[in-house]
Structures are given as C-alpha cells and as structure tokens.
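Input: a single structure, listed below in structure tokens.
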Amino acid sequence: MEIYLDPLVEGWTEENVIYELILREGYGLSSEFSLDSGINTNRIWIVTDPDKGQRFLVCLDDKIMEDSILRYARLDKDTTFICRDVALDDETAANLALQCRLKTI
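By the count of my numbering, the sequence shown reaches residue 192 at its end, each step adding exactly one.
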C-alpha cells in the first residue's frame, strides 16, 4: 500500500511535475513559472499563463507548514493551490480548503 501513498515516481523533478500540472490545468505551453521568494518555509511556485491571464500556485514539499501557508498573502478564494496529498494533515487541508481552491496530487 505504501507505493500508492504518493503518486510521484522515484527521480521526479519539480520542473517536470509543474509542466504536467500546466497541461492538466489547461494552461498553454507558453506558461511561465517561478519560485516565490516571499515565503521561506515552503517552496511555492507561481504558474502564470500570459495568454489567458490566469495563475495557480504549486507546492511540492513533503510537508506543508500550516502557519506559513495560512498567512500566505497570495491565497484567496479565486486562487488554485496544488500540493501533494501526503504533505497535508487533515487540519491543514481543511483550513486551506476554506482559504483557496485546494487540489492535491
């Protein structure tokens, strides 16, 4: 059962996962992503599609730090935040779902 806990295969890279998410979310291949330097406890990527003017946030860390994410200024009801399911405990997932559109992989 442990092999089904995390869908990411051995040897995955953040860039490869982000490119896959760009396609799954329906963003164009011209989408850009950059690491947000405004937070230092989790690595949060900002993905922007310049053609559509849309964006979403991605965190692929092993653990989401609740105190930093809940105070993260870029999260609002219109923002999609994607992270690994194994990185969330139930309380953090519930709090994030109230703050933004939460999706997990």
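Cβ coordinates follow ideal geometry from the N, Cα and C atoms, glycine included.
Check whether the Cβ atoms of residue i and residue j lie closer than 8 Å to each other.
i	j	result
residue 169	residue 192	yes
residue 166	residue 144	yes
residue 159	residue 126	yes
Near residue i, what residues of its chain come up, given a Cβ to Cβ distance below 8 Å and the 5 sequence neighbours on each side ignored?
i	result
residue 117	136, 137 and 138
Measuring alpha carbon to alpha carbon, tell me which residue in the options is nearest residue i.
i	options	result
residue 162	101, 132 and 103	132
residue 141	126, 160, 119 and 98	119
residue 186	121, 98, 164 and 99	164
Suppose the cutoff is 6 Å on Cβ atoms and the five residues either side in sequence are ignored; what does the same chain contact list for residue i look like?
i	result
residue 198	There is simply no residue 198 to check, as the chain begins at 88 and stops at 192 in what is shown.
residue 172	191
residue 114	136
residue 123	131 and 133
residue 101	147
Taking 7 Å as the limit between beta carbons, can you name the residues of its chain near residue i, skipping five residues before and five after?
i	result
residue 129	146, 148, 151, 152, 155 and 156
residue 112	143
With respect to 7 Å, is the separation between the Cβ of residue i and the closest non-hydrogen atom of the ligand MG below this value?
i	result
residue 108	Among the components of this structure there are no ligands whatsoever, and the ligand MG is therefore not found.
Length-filtered (3 minimum) beta strand (DSSP E) runs lying within the stretch 119–159: 119–122, 131–136 and 141–146
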